[in-house]
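Here is the structure we will look at, set down as structure tokens.
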Amino acid sequence: MALVAGRGALPARLIAACEARGDSVTVCGLDGFAQDLPRNDRPFRLETLGRLLADLQAEGAQEACLAGAVQRPQLDASCIDPATRPLMERVTGALAAGGDDGALRVLLSLFEEAGLAVRGAADLVPGLLPPEGVLTARDPAEGHARDASRAVETLALMGRADVGQACVVRGGHVLAVEALPGTDWMLESLAALPPDLPQHLCAGGLLYKAPKPGQDRRVDLPLIGPDTVAAAARARLDGIALEAGGVMVLDREETVAAADAAGLFLWVRRAQPDPE
32 MALVAGRGAL
42 PARLIAACEA
52 RGDSVTVCGL
62 DGFAQDLPRN
72 DRPFRLETLG
82 RLLADLQAEG
92 AQEACLAGAV
102 QRPQLDASCI
112 DPATRPLMER
122 VTGALAAGGD
132 DGALRVLLSL
142 FEEAGLAVRG
152 AADLVPGLLP
162 PEGVLTARDP
172 AEGHARDASR
182 AVETLALMGR
192 ADVGQACVVR
202 GGHVLAVEAL
212 PGTDWMLESL
222 AALPPDLPQH
232 LCAGGLLYKA
242 PKPGQDRRVD
252 LPLIGPDTVA
262 AAARARLDGI
272 ALEAGGVMVL
282 DREETVAAAD
292 AAGLFLWVRR
302 AQPDPE
């Protein structure tokens with residue numbers, strides 16, 4: 032197994048889970064993003080992706096998993112190696128694509144063409160996907176169910192533009208949508224809203240997260256953890272709703288405990304059909 036790793040805690044958790052099962056893992060950390068790894072067997076840049084794929088083929092790797100956050104790096108033409116040069120038109124096209132899903136599909140195809148079956152993080156550690164239902168002491172109210180339905184409609188529209196996997200809805204009003212800066216930035220922006228807004232916009236509502244409609248769920252599946260709960264509390268939300276089977280929860284017990292301590296609900300909501 033080759034683990035192609037970016038930023039954050041998820042890659043390290045996957046390494047630990049695979050090693051606990053006795054699985055061999057070659058850790059391939061993307062330069063500039065993979066600072067949180069316990070080890071980095073094959074550091075690489077996108078400019079050397081071709082060499083990495085050739086090396087993995089030569090070593091007999093059969094599977095790959097892409098995990099961790101990555102922002103689009105600036106390519107350095109002087110670093111492109113001969114094995115990567117034939118791929119650069121596709122790599123640069125992927126980086127220039129308007130949304131993440133389209134770019135990731137190109138990268139997935141490069142790994143598959145190298146003979147590597149791509150597996151999702153949730154396939155490696157199924158416990159990352161929480162069970163359907165309310166996980167906290169607090170239950171969502173009827174108004175939160177309406178807000179969640181509004182959020183599903185909003186994410187469906189965003190998904191068609193390949194933008195974001197999260198939004199905040201409060202009393203039927205869409206207060207924020209996730210874009211390139213990510214969920215944490217969105218929530219911190221809400222926390223910084225002036226206190227003299229109309230009362231119904233100052234507090235309450237929910238963060239909703241779900242994959243994009245039609246997204247390849249082997250990569251870039253949404254993720255929350257204790258830090259997300261803390262940010263939601265600072266944004267004065269009532270809780271967090273997740274699409275069941277589509278959002279991973281890192282450190283589930285700690286995340287639920289943090290939500291309980293903050294008085295938030297954590298609701299794993301059954302997926303509903305995408306609005307037409």
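Each residue of the sequence shown is one higher than the one before, counting from 32 in my numbering. Beta carbons are placed, not taken as given, at the ideal position from N, Cα and C, and that holds for glycine. No experiment lies behind these values; they were computed from the predicted model shown.
Legend entry - residue 4 versus 63, 155 and 98, residue with shortest Cα-Cα distance: In the structure as shown, the chain begins at 32 and stops at 307. Residue 4 is therefore absent and cannot be evaluated.
Inset, instruction - Determine the closest residue to residue 363 out of 39, 287, 243 and 124, with distance taken between C-alpha atoms. - result: Any question about residue 363 goes unanswered here, given that the chain covers just 32 to 307.
Legend entry - Classification of residue 93 by the beta-carbon crowding that lies within 10 angstroms, buried from 16 upward: To locate residue 93, count along the sequence shown from 1; it is residue 62. Answer is exposed; the Cβ neighbour count stays below 16.
Legend entry - Extent of the continuous alpha helix (DSSP H) to which residue 49 belongs: In the sequence shown, the residue the question calls residue 49 occupies position 18. Run containing residue 49: 41 to 51, per the alpha helix (DSSP H) assignment.
Inset, instruction - For residue 293, name the three-state secondary structure that DSSP assigns. - result: Position 262 of the sequence shown, counting from 1, holds the residue named residue 293. DSSP places residue 293 in helix when its eight states are reduced to three.
Inset, instruction - Tell me, to the nearest whole angstrom, how far the beta carbon of residue 169 is from that of residue 270; I am working on the premise that it is less than 8 Å. - result: Counted from its first residue, the sequence shown places residue 169 at position 138. Counted from its first residue, the sequence shown places residue 270 at position 239. About 7 Å separates the two Cβ atoms, so the contact holds.
Legend entry - Neighbour-count burial assignment, residue 158, 16 or more Cβ in a 10 Å radius: The residue labelled residue 158 in the question sits at position 127 within the sequence shown. Counting Cβ neighbours within 10 Å, residue 158 comes out exposed, since fewer than 16 surround it.
Inset, instruction - With DSSP collapsed to three states, give me the class of residue 164. - result: Translated into positions along the sequence shown, residue 164 becomes position 133. Residue 164: strand per DSSP, three-state reduction.
Legend entry - CA-to-CA distance, residue 260 to residue 296, given in whole angstroms: Along the sequence shown, one-based indexing puts residue 296 at 265. Along the sequence shown, one-based indexing puts residue 260 at 229. Cα to Cα, residue 296 sits roughly 10 Å from residue 260.
Legend entry - Limits of the beta strand (DSSP E) - the one that residue 90 falls within: By 1-based counting over the sequence shown, the position of residue 90 is 59. Element bounds for residue 90: n/a, residue is neither H nor E.
Inset, instruction - Out of 142, 65 and 112, point me to the one whose CA is closest to residue 32's CA. - result: The count along the sequence shown starts at 1 and reaches residue 32 at position 1. Out of 142, 65 and 112, 142 has the C-alpha closest to the C-alpha of residue 32.
Inset, instruction - Give the secondary structure of residue 217 by DSSP, where H, G and I count as helix, E and B as strand, and everything else as coil. - result: For the purposes of this step, residue 217 is identified with residue 186 of the sequence shown, where counting begins at 1. Residue 217: helix per DSSP, three-state reduction.
Legend entry - residue 218 vs residue 182 beta-carbon contact at 8 Å: Working through the sequence shown from its first residue, we reach residue 218 at position 187. Working through the sequence shown from its first residue, we reach residue 182 at position 151. Contact: no.
Legend entry - Cβ-heavy atom distance, residue 283 to the ligand MG, below 7 Å: In terms of ligand content, the structure shown is empty, and the ligand MG therefore cannot be addressed.
Inset, instruction - With a floor of 3 residues, list each beta strand (DSSP E) that falls wholly inside the stretch 176 to 224, ordered by position along the chain. - result: 197 to 201 and 204 to 208
Legend entry - beta strand (DSSP E) segment containing residue 146, residue limits: Within the sequence shown, residue 146 is the residue found at index 115, counting from 1. Per DSSP, residue 146 belongs to no beta strand (DSSP E) and is neither H nor E.
Inset, instruction - Have a look at 104, 59 and 286 and flag the residue whose alpha-carbon is nearest the alpha-carbon of residue 87. - result: Numbered from its first residue, the sequence shown carries residue 87 at position 56. When only C-alpha atoms are compared, the closest one is 59.
Legend entry - Beta carbon proximity, residue 203 to chain C, threshold 8 Å: Any reference to chain C falls outside this structure, which holds one protein chain only.
Legend entry - Contact check, residue 251 vs residue 135, beta carbons under 8 Å: Within the sequence shown, numbered from 1, the residue matching residue 251 stands at position 220. Within the sequence shown, numbered from 1, the residue matching residue 135 stands at position 104. Yes, these two residues count as a Cβ contact at 8 Å.
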